[in-house]
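In the numbering used here, the protein residues as written are 697 to 924. Ideal Cβ placement from N, Cα and C applies to all residues, glycine included. Heads up: the structure comes next, in structure tokens.
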């Protein structure tokens with residue numbers, strides 16, 4: 697996404713302090729208020745959710761990137777929710793919780809696809825922290841409620857890579873005065889290497905899809921043991 701001039705100037709100030717690692721903006725993360733309330737008693741689950749929610753904010757600055765990757769991750773969780781619902785009991789005695797999760801996920805997918813139509817390069821609308829944190833929180837909520845938090849390493853792997861690039865950049869700059877990336881988060885590194893926004897978005901989505909596929913295979917293997 698192309699931020700307004702005021703935002704660009706503000707980011708420039710952050711660059712000097714954070715080693716060219718602009719703080720979050722608009723991307724993939726926060727509707728989790730309702731979903732995460734269910735898991736509030738589980739401190740570790742809540743911590744994971746909060747971390748995931750915040751990391752979703754870092755994947756910003758490129759048209760279509762947040763909505764595209766979030767859609768892929770949400771589709772994976774919807775598939776997990778549907779399978780969990782099928783396996784929760786015999787017809788007529790199945791858990792409505794998983795069915796509600798699948799419906800909620802499908803609604804979010806519809807929203808992100810509709811948003812992506814206008815957010816594709818060149819973007820006409822922008823997400824901002826409200827949408828970014830909502831999506832990140834929703835993904836965390838899905839992981840907690842389907843008891844697949846460990847799989848967030850893969851299903852949310854693209855966000856972990858983005859967050860890790862910021863961490864590496866800041867630590868390297870503070871300790872050595874040198875930058876590992878031309879700019880962080882990592883999508884801006886590729887922008888500095890003259891990649892087009894469309895190219896970055898498509899390739900990030902491909903990587904996200906591969907990671908989500910690995911996460912789903914692991915779910916199918918270790919949670920279902922190859923049985924539907």
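Worksheet item: In its own chain, which residues sit with a C-beta less than 7 Å from the C-beta of residue 903, not counting the 5 before and 5 after it?
Response: 854
Worksheet item: So what's residue 860 in DSSP terms, helix, strand or just coil?
Response: helix
Item to complete: Could you give the DSSP three-state label for residue 881: helix, strand or coil?
Response: coil
Worksheet entry | As assigned by DSSP and simplified to three states, the class of residue 786 | coil
Worksheet item: Count the other CB atoms within 10 Å of the CB of residue 753; is the residue buried (16 or more) or exposed (fewer)?
Response: The predicted position of residue 753 is uncertain, since its pLDDT is 49 and thus under 50; no value can be drawn from it.
Item to complete: Would you mind working out which of 864, 847, 892, 881 sits nearest residue 874, comparing C-alpha positions?
Response: 864
Practice prompt. Identify the continuous alpha helix (DSSP H) that holds residue 898 and give its terminal residues.
Written response: 893 to 914
Item to complete: Indicate the three-state DSSP secondary structure (helix, strand or coil) for residue 834 in the structure shown.
Response: helix
Worksheet item: In this structure, does DSSP put residue 889 in helix, strand or coil?
Response: coil
Practice prompt. Provide the residue span of the alpha helix (DSSP H) that contains residue 794, from first to last.
Written response: 792 to 815
Item to complete: Grab the span of the alpha helix (DSSP H) containing residue 925 for me, first residue to last.
Response: Only positions 697 to 924 of the chain appear in this structure, which leaves residue 925 out of reach.
Fill in: Cα-Cα separation between residue 781 and residue 797, rounded to whole angstroms
9 Å
Practice prompt. Let me know the secondary structure DSSP gives residue 873 once reduced to three states.
Written response: coil
Practice prompt. List the whole-angstrom C-beta distance separating residue 763 from residue 812, where the pair is believed to meet the contact cut-off of C-beta under 8 Å.
Written response: 4 Å
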